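> In this text, residue positions in the sequence shown follow the numbering used here: the first is 3, and each later residue adds one.
Each residue gets a CB set at the ideal place from its N, CA and C atoms; glycine is no exception.
Predicted model, so just to flag it, every value in this text is computed and none were measured.
Questions regarding the structure given below will be posed in turn.
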Amino acid sequence: MNWSDWRNNQINKLRSAGIEDPATELRIMISRIAEKKRAILLFEKSDRVEDMFSPDELSRIEDTVLRRCNREPLDYILGETFFYRDSFSVGPGVLVPRQDSEILVGAALFALGIDRSFLFRGLGEVPILQAERTGEPVRIMDLCTGSGCIGLSISNVLSGYLVSYRTALTELSEAAEYYARKNIDHAREPELIRLFHCNLFPDTGEIADWWGDASADLIVSNPPYIREDMISDLMPEVSCFEPKEALSGGTDGLHVLRAILNRIGNGLRPGGILLVEHGYDQREAVADLFRAQGFSEISCLSDFGGQDRVTAGRYTPELIKQE
Numbered sequence: 003m004n005w006s007d008w009r010n011n012q013i014n015k016l017r018s019a020g021i022e023d024p025a026t027e028l029r030i031m032i033s034r035i036a037e038k039k040r041a042i043l044l045f046e047k048s049d050r051v052e053d054m055f056s057p058d059e060l061s062r063i064e065d066t067v068l069r070r071c072n073r074e075p076l077d078y079i080l081g082e083t084f085f086y087r088d089s090f091s092v093g094p095g096v097l098v099p100r101q102d103s104e105i106l107v108g109a110a111l112f113a114l115g116i117d118r119s120f121l122f123r124g125l126g127e128v129p130i131l132q133a134e135r136t137g138e139p140v141r142i143m144d145l146c147t148g149s150g151c152i153g154l155s156i157s158n159v160l161s162g163y164l165v166s167y168r169t170a171l172t173e174l175s176e177a178a179e180y181y182a183r184k185n186i187d188h189a190r191e192p193e194l195i196r197l198f199h200c201n202l203f204p205d206t207g208e209i210a211d212w213w214g215d216a217s218a219d220l221i222v223s224n225p226p227y228i229r230e231d232m233i234s235d236l237m238p239e240v241s242c243f244e245p246k247e248a249l250s251g252g253t254d255g256l257h258v259l260r261a262i263l264n265r266i267g268n269g270l271r272p273g274g275i276l277l278v279e280h281g282y283d284q285r286e287a288v289a290d291l292f293r294a295q296g297f298s299e300i301s302c303l304s305d306f307g308g309q310d311r312v313t314a315g316r317y318t319p320e321l322i323k324q325e
């Protein structure tokens, strides 16, 4: 078949299935499956599609198009996605990382005094972690880690600096754990990262054996925060394929965040920093929950679309005792 006709045929299939940017997605499929540079595909002069791909490559590309037409997430089909600065393995049973979650990574690095680029986005109100123990590793915890992309992205950046750290990832889903472990294996310093199978916080004795202390200096989390009654309204890629337990935050979207904050004293040291992702319309409710648990220096960061997305605060439980 003529290359141009074949290409247009695949694009039309994707467009008819409701894919928003079919030409770009087709280029991604081809570049990943046939290892061709996307730019080359824009100017390909071959007359026959059979001259461009092997029979196996052509079959795999067309199969991927058909699966995508059923609205299966492209990242699931390809088995990986790009987040922040690295590629991460993903698949059925784990949430596909969103670009807006990169705000959590940037805010964490800012709080650690590593990356000040957030100042140029007007995000200078993120509290800075104050050193408590000279010469000891910074203890970082990523709750509801899923694929591990947030905690691992932070760790991968820290590995390039003269910063001593230890990162704990926590996850309850065995399906998500599978991908988190694969991604840990490809981290810059996997020996400094540990995955704990647990509901939010690991057992204090188990984490203390590794850290020498049960409390983190910095906690990041992208917990489920979508209202349960809104999940059916999401795109089919999300509502039909991604795990509901990674999406639903209960009737108001804040069920998991409340559980985190109710136990925060067991996992975050006084003076430590908490960073959580949430819905664009949950800013005030999240700030109220932070204050109720003794957080100060509370600020909200916007995502790449200008929507409220991440709340940061310093844990100061002594404020509750003073009331």
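Look at N11 and S91 and say whether their C-beta atoms are less than 7 Å apart.
No, they are not a contact pair.
> Apply the 10 Å Cβ neighbour rule to Q284 and answer buried if 16 or more other Cβ atoms are within range, or exposed otherwise.
Classification for Q284: buried.
> Count Cβ pairs between the stretch 63 to 75 and the stretch 222 to 233 that sit closer than 8 Å; are there 3 or more?
The answer is no - the stretch 222 to 233 does not touch the stretch 63 to 75, with fewer than three Cβ pairs under 8 Å.
> Quick one: Cα of E193 to Cα of A314, how far?
If I take the Cα positions, the gap works out to 28 Å.
> Flag this pair as touching only if the stretch 161 to 176 and the stretch 104 to 111 have three or more C-beta atom pairs under 8 Å; answer yes or no.
No, the stretch 161 to 176 is not in contact with the stretch 104 to 111.
> Please confirm whether R34 and L80 have their CB atoms less than 7 Å apart.
In contact: R34 and L80 (Cβ atoms closer than 7 Å).
> Under a Cβ-count criterion, where at least 16 other Cβ atoms within 10 Å of its own Cβ denotes burial, should I322 be classed as buried or exposed?
With fewer than 16 other Cβ atoms within 10 Å, it is exposed.
> Taking 8 Å as the cut-off, does the stretch 139 to 159 touch the stretch 285 to 300 (at least 3 CB pairs, one atom from each stretch)?
With a cut-off of 8 Å, the stretch 139 to 159 and the stretch 285 to 300 do not count as touching, because too few Cβ pairs lie within range.
> Going by beta-carbon coordinates alone, are S155 and T169 separated by less than 7 Å?
Contact flag unset, no.
> When the distance is taken between beta carbons, is A182 closer than 7 Å to L197?
For L197 and A182, yes; Cβs fall inside 7 Å.
> Classify A314 as helix, strand or coil using the three-state DSSP reduction.
Of the three classes helix, strand and coil, the one that applies to A314 here is strand, per DSSP.
> If you measure between the beta carbons of D102 and D305, is that distance less than 7 Å?
Yes, they are a contact pair.
> Check for me: the alpha helix (DSSP H) holding Y180 runs from which residue to which?
Counting along the chain, the alpha helix (DSSP H) containing Y180 begins and ends at 176 to 187.
> Helix, strand or coil for A41, going by three-state DSSP, please let me know.
With a pLDDT of only 48 at A41, under 50, the local geometry of the prediction cannot be trusted, and the value read off the model is given with reservation. Three-state result, A41: helix.
> Keeping to the same chain, check which residues put their C-beta closer than 7 Å to that of I130; ignore five residues upstream and five downstream.
If we look at I130 and ignore the five residues flanking it on each side, its Cβ neighbours are A113, G115.
> Whole angstroms is fine: what's the gap from V278's alpha carbon to S161's?
Whole-angstrom Cα-Cα distance: 23 Å.
> Quick check on this structure: which residue in D254, P319, F243 has the alpha carbon closest to the alpha carbon of P272?
Ranking D254, P319, F243 by Cα distance to P272 puts P319 first.
> When the Cα of A178 is compared with those of E239, P94, G274, which residue comes out closest?
Looking at the Cα atoms, P94 is the closest of the given residues.
> Short check: CB of R19 to CB of C71, under 7 Å?
For the sequence presented, residue 19 should be read as Ala rather than Arg. Yes, these two residues count as a Cβ contact at 7 Å.
> Around the Cβ of M54, are there at least 16 other Cβ atoms within 10 angstroms (buried) or fewer (exposed)?
With 16 or more other Cβ atoms within 10 Å, it is buried.
> Determine whether the beta carbon atoms of A218 and R141 lie at a separation below 7 Å.
Contact flag set, yes.
> By Cβ distance, which residues of its chain are closer than 6 Å to I300, with the 5 residues on each side in sequence left out?
Once the five neighbours on either side are set aside, the close Cβ partners of I300 are A289, F292, G315.
> What is the DSSP secondary structure of C200, counted as helix, strand or coil?
C200: coil per DSSP, three-state reduction.
> Assign F84 to one of two classes, buried (16 or more other C-beta atoms within 10 Å of its C-beta) or exposed (fewer than that).
Flag for F84 reads exposed.
> Any idea if E37 is buried or exposed, counting beta-carbon neighbours within 10 angstroms, 16 or more meaning buried?
Exposed is the call here.
> Spatial neighbours of G274 within its chain, please: C-beta separation below 8 Å, excluding the five flanking residues on both sides.
Counting only Cβ-Cβ distances below 8 Å, and skipping sequence neighbours, we find L131, S217, A218, D219, L220, I221, R316, Y317.
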